[in-house]
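Heads up: the sequence lines are chains A and B, in that order. Quick note on numbering: our numbering labels position 104 of the first sequence as 104, and the sequence is numbered without any gaps. Quick note on numbering: our numbering labels position 111 of the second sequence as 111, and the sequence is numbered without any gaps. Working notes, structure below.
2 protein chains.
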Amino acid sequence: MRYFVAVAEELHFGRAAERLKMAQPPLSRAVQQLERRLGVVLLSRDRRGVSLTTAGETMLVEARLALDAVDAAVRRTRRAASAQSALVLATKAGASHELLKELLDSYAARPGAVEIDVLLCEIGEQRRLLRDGRADVAIMHAPFDVMAGLDSAEILTEGQVAIVPASHPLARRSSLTMADVSDVPDLPIARWPRHDDTYPPGPGPEVHSQSQLAQLVALGRTLLVIPASSRAWQWPEHVAVPVLDAPPVTTLLAWPAGLRSPALAELVETAERWKEGDKAQL
Amino acid sequence: MRYFVAVAEELHFGRAAERLKMAQPPLSRAVQQLERRLGVVLLSRDRRGVSLTTAGETMLVEARLALDAVDAAVRRTRRAASAQSALVLATKAGASHELLKELLDSYAARPGAVEIDVLLCEIGEQRRLLRDGRADVAIMHAPFDVMAGLDSAEILTEGQVAIVPASHPLARRSSLTMADVSDVPDLPIARWPRHDDTYPPGPGPEVHSQSQLAQLVALGRTLLVIPASSRAWQWPEHVAVPVLDAPPVTTLLAWPAGLRSPALAELVETAERWKEGDKAQL
DNA sequence: AGGCCTGATACCCCACCGGTATCACCGGTA
DNA sequence: TACCGGTGATACCGGTGGGGTATCAGGCCT
């Protein structure tokens with residue numbers, strides 16, 4: 001199955017074999033054997049190249065899930081065996097430090113607390129980390145991250161702010177609307193790749209990592225609308241202006257549905273208690 | 001991994017080997033090898049028997065998920081290859097016939113409709129069927145069924161009714177409350193097994209299948225609170241009385257998160273359109 | 001002390017996986 | 001049209017490993 005996925009991704013037996021660090025003939029045979037065992041043709045080998053059949057497409061997505069599940073089993077088991085099973089929490093680099101720090105501190109103060117490793121990842125990568133067992137729980141942001149397939153607990157809901165250069169006219173406003181920021185010619189909003197790795201059309205710069213975006217913001221080349229608590233990116237030469245009608249962003253803890261270990265349950269409970277306390281402060 | 005799960009479930013190498021239709025020694029070796037590869041002790045072989053270590057417990061749940069995912073890949077791929085990929089819909093035997101029939105009929109009337117196989121299953125079995133690929137979509141009932149890990153679309157929300165023998169005093173009431181039905185000495189509510197196969201305490205009869213329950217209802221030995229549309233179980237000698245403060249039950253379509261095939265998307269859209277039409281009727 | 005039941009070990013054999021060498025086929029090109 | 005580059009398939013071979021049987025080691029009963 002791993003072999004099939006490699007071939008399906010490369011659409012080329014030679015390159016796939018190279019990636020798998022093996023020779024091409026056994027790879028061909030292995031895929032043929034998989035097809036024979038399933039009784040299904042997964043790849044159509046036309047002259048000049050390979051393409052997926054519809055069954056092959058199903059197999060590709062299902063096989064990825066299955067392989068991730070196997071990886072997850074291995075990783076989580078290893079983790080459960082070693083050093084009193086620390087939890088691994090995945091979070092985007094841009095997420096609020098203060099929020100996370102407070103949460104981790106309150107959790108660490110609990111009697112039965114286990115160690116929590118923080119795993120920084122790129123945007124949109126959390127799902128994958130949870131699925132293949134590299135992480136146990138992630139900080140995510142609704143409505144940006146799709147929560148499908150995950151259980152979650154809300155931590156904080158807040159408005160969003162626009163980050164603009166201090167010298168820009170918009171910086172003098174005390175508040176903005178989406179209409180104000182969506183079509184600023186000299187500060188186009190950056191474009192992220194879609195799931196198929198193509199970019200949506202538009203004037204903004206193409207970015208695929210947080211650091212790229214940070215760079216562009218620092219240069220004053222793009223405008224950013226982010227949750228109010230995500231202040232990590234605020235340079236002195238930039239100003240944060242509330243965007244009144246931006247959809248509120250909810251920060252939440254998310255974990256694979258059904259995999260609520262005792263340690264995780266405690267963390268979630270801490271978060272919920274913290275949230276209550278936070279509300280009381282407001 | 002399959003071997004480990006068998007041993008972990010039986011907690012006995014001999015019986016596990018028998019179940020796997022193989023001899024005991026290779027099974028022992030295979031499990032040892034898995035432990036060596038993971039670098040983790042999964043089973044503690046004490047004198048007289050086998051028990052799971054904590055790492056073994058994680059492995060058991062993760063391995064089950066992984067094996068199900070592999071099964072799902074095989075099943076869904078096979079299905080995708082054969083007969084223009086029919087959808088398989090899983091539903092409890094007790095769910096409303098009329099609702100399902102209307103839904104299937106409206107879907108079948110659509111131009112691009114594929115065939116839909118209906119798979120009847122026991123209560124609580126739908127998750128498993130979706131997970132291991134025997135079904136693509138299921139009819140479930142919130143709040144009874146936990147939707148974690150699944151995407152879903154609501155079809156219908158309705159109140160619940162109590163099914164009581166026509167001769168019983170409660171049958172003469174035009175409506176009831178939960179307090180009325182929760183503590184009727186001669187009609188105790190049946191008890192279902194929990195996930196660990198033990199039964200909650202209480203006076204009611206223990207049941208583990210729909211047919212058992214149907215039998216008890218027919219005998220007038222238990223009282224039942226079910227969604228108003230689930231009339232399949234209504235015998236002439238029984239009466240359905242609305243229970244005003246019973247939590248409303250929502251019937252919904254559920255499918256594994258993220259696996260929304262085109263055919264499934266059409267079915268969901270049909271359901272949602274049907275729901276709108278239904279509202280208009282009210 | 002001896003039988004039993006358990007899981008582990010010893011040893012054997014064949015299937016299968018991976019490697020190398022080579023073929024069959026197609027497309028482009030001179 | 002003949003050649004060549006490139007692709008995936010086939011032929012064959014060797015070693016690992018998974019499965020089998022026979023047997024051992026240790027704990028618990030009688």
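Note that beta-carbon positions come from the ideal geometry of N, C-alpha and C, so glycine has one too.
Spatial distance of residue i from residue j (CA atoms)
i      : j      : result
R134/A : R260/A : 15 Å
H141/B : T251/B : 5 Å
L34/B  : H238/A : 55 Å
R64/B  : V137/B : 20 Å
D197/A : L223/A : 22 Å
R75/A  : V5/A   : 20 Å
R131/A : L219/A : 36 Å
G149/B : L129/B : 13 Å
V31/B  : A73/A  : 15 Å
G204/A : L89/B  : 44 Å
V70/B  : V241/A : 50 Å
A257/A : D151/A : 5 Å
G14/B  : R78/B  : 34 Å
F144/B : A246/B : 12 Å
V111/B : L253/B : The question names Val, but residue 111/B is Pro in the sequence shown. Each residue's Cα considered, the two are about 21 Å apart.
R221/B : R19/B  : 38 Å
E102/B : E154/B : 15 Å
S175/A : L244/A : 7 Å
R127/A : L119/A : 13 Å
Interface residues of chain A facing residue i [CB-CB closer than 8 Å]
i      : result
L129/B : Simply none; closest approach about 15 Å.
L65/B  : A69, A72, A73
Contacts of residue i in chain B (Cβ-Cβ under 8 Å)
i      : result
G335/A : Lying before the first or after the last residue shown, residue 335/A is absent from chain A, which here runs from 1 to 282.
M1/A   : V70, A73
Per DSSP, cross-strand counterpart(s) of residue i
i      : result
E154/B : L252/B
S106/B : None; S106/B has no bridge partner.
S51/A  : S44/A
M1/B   : None; M1/B has no bridge partner.
R37/A  : Per DSSP, none; premise fails for R37/A.
I116/B : L87/B
P165/B : H238/B
H141/B : T251/B
I123/A : None; I123/A has no bridge partner.
Q160/B : P227/B, V243/B
R64/A  : BP columns for R64/A are empty, so no partner.
L176/A : V243/A
K21/A  : In DSSP, K21/A forms no bridge with anything.
R76/B  : Bridge partners of R76/B: none, in fact.
R191/B : E206/B
K101/A : None, per the DSSP bridge assignment.
K92/B  : C121/B
Contact list for residue i against chain A, beta-carbon separation under 7 Å
i     : result
E62/B : A72, A73, R76, T77
M59/B : A73, T77
Amino acids of chain B, ordered along the chain, whose beta-carbon sits closer than 7 Å to that of residue i
i     : result
A55/A : T77, A80, A81
Does the structure place the region 213-229 of chain B close enough to the region 146-159 of chain B that three or more beta carbon pairs sit under 8 Å?
Because the criterion of three Cβ pairs below 8 Å is met, the region 146-159 of chain B and the region 213-229 of chain B touch.
Against chain A: residues of the region 137-153 of chain B by CB proximity under 7 Å:
A148, G149, D151: these are the residues of the region 137-153 of chain B whose beta carbon lies less than 7 Å from some beta carbon of chain A, given in chain order.
Chain A contacts made by the region 244-260 of chain B, where a contact means CB separation under 8 Å
For the region 244-260 of chain B, which is checked against every Cβ of chain A, the residues closer than 8 Å are P256, A257, G258, L259.
Assess, as a yes-or-no matter, whether the region 51-65 of chain A is touched by the region 24-39 of chain B under the definition of 3 or more beta carbon pairs within less than 8 Å.
Too few Cβ pairs lie closer than 8 Å, so no.
Using a Cβ distance threshold of 8 Å, determine whether the region 3-20 of chain B contacts the region 187-196 of chain A, with at least three qualifying pairs required.
Contact annotation: the region 3-20 of chain B does not touch the region 187-196 of chain A, with fewer than three C-beta pairs closer than 8 Å.
Can you confirm whether the region 254-273 of chain A touches the region 177-186 of chain A when touching is taken to mean that 3 or more C-beta pairs between the two stretches lie within less than 8 Å?
Inter-segment contact for the region 177-186 of chain A and the region 254-273 of chain A is absent: fewer than three beta-carbon pairs are separated by less than 8 Å.
Chain-ordered residues of the region 154-178 of chain A with a beta carbon less than 7 Å from chain B:
Near chain B, meaning a CB-to-CB distance below 7 Å, no residue of the region 154-178 of chain A qualifies.
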